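Take a look at the structure below.
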Amino acid sequence: MIFRANGYRIHTAIEPVDFRKGMDGLAAHVTASFELDPFFVFRSKGGNSIKVLMWDGMGLVLIYKRLEAKCFVWPQVRSGTMTHSKTQFEALFEGLDWRRIVPAQQLRPKVA
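Residue numbers for the sequence shown follow full-length UniProt numbering, so the first one is 1 and each next one is one higher.
Listed below in structure tokens is the structure:
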């Protein structure tokens with residue numbers, strides 16, 4: 001993958017977005033609607049395309065992916081956002097069912 005999700009909370013906009021919007025339009029949408037971290041995933045109305053908008057520390061990055069044979073697994077359409085773990089996002093990006101991915105519980109080392 002050409003980008004890293006480490007260190008970001010990954011937000012997914014539940015409602016489809018107008019895919020004619022480019023980087024600036026999506027950034028304005030995030031700022032006006034959500035006021036959250038700069039890592040957002042948007043989907044098309046048809047569900048077979050996503051756009052990922054992120055800030056890499058130097059500038060905005062926009063990634064577009066379209067599946068040819070199926071649709072992305074998406075939450076039930078309603079308003080707002082949801083947060084994915086890095087692993088769930090990677091599954092979503094690969095076209096897999098991210099809902100089956102449960103983040104591992106963070107453990108603390110035992111002191112001997």
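No residue lacks a Cβ here, since even glycine has one placed at the ideal position from N, Cα and C. All of these numbers come straight from a predicted model, not from anything done at the bench.
Assigned exposure category for residue i - 16 Cβ within 10 Å defines buried
i: Q88; result: buried
i: T83; result: exposed
i: A69; result: exposed
i: R66; result: exposed
i: R9; result: exposed
i: M58; result: exposed
i: M23; result: exposed
Nearest-angstrom Cα separation, counted from residue j out to residue i
i: R99; j: V73; result: 8 Å
i: F42; j: V111; result: 44 Å
i: F109; j: S85; result: Looking at the sequence itself, residue 109 is Pro, so the reference to Phe does not match. C-alpha separation (whole angstroms): 22 Å.
i: F40; j: I101; result: 19 Å
i: P75; j: H11; result: 12 Å
i: G25; j: L92; result: 23 Å
i: E20; j: L53; result: Just to set this straight, residue 20 is Arg in the shown sequence, not Glu. Going by the C-alpha atoms only, they are around 14 Å apart.
Where residue i falls: helix, strand or coil (DSSP)
i: W74; result: coil
i: K86; result: helix
i: F19; result: coil
i: A69; result: coil
i: L92; result: helix
i: V30; result: helix
i: R43; result: strand
Under 8 Å between C-beta atoms of residue i and residue j
i: L62; j: K45; result: no
i: Y64; j: S79; result: no
Using 8 Å as the Cβ pair cut-off and three pairs as the minimum, do the segment 93 to 107 and the segment 20 to 30 touch? no
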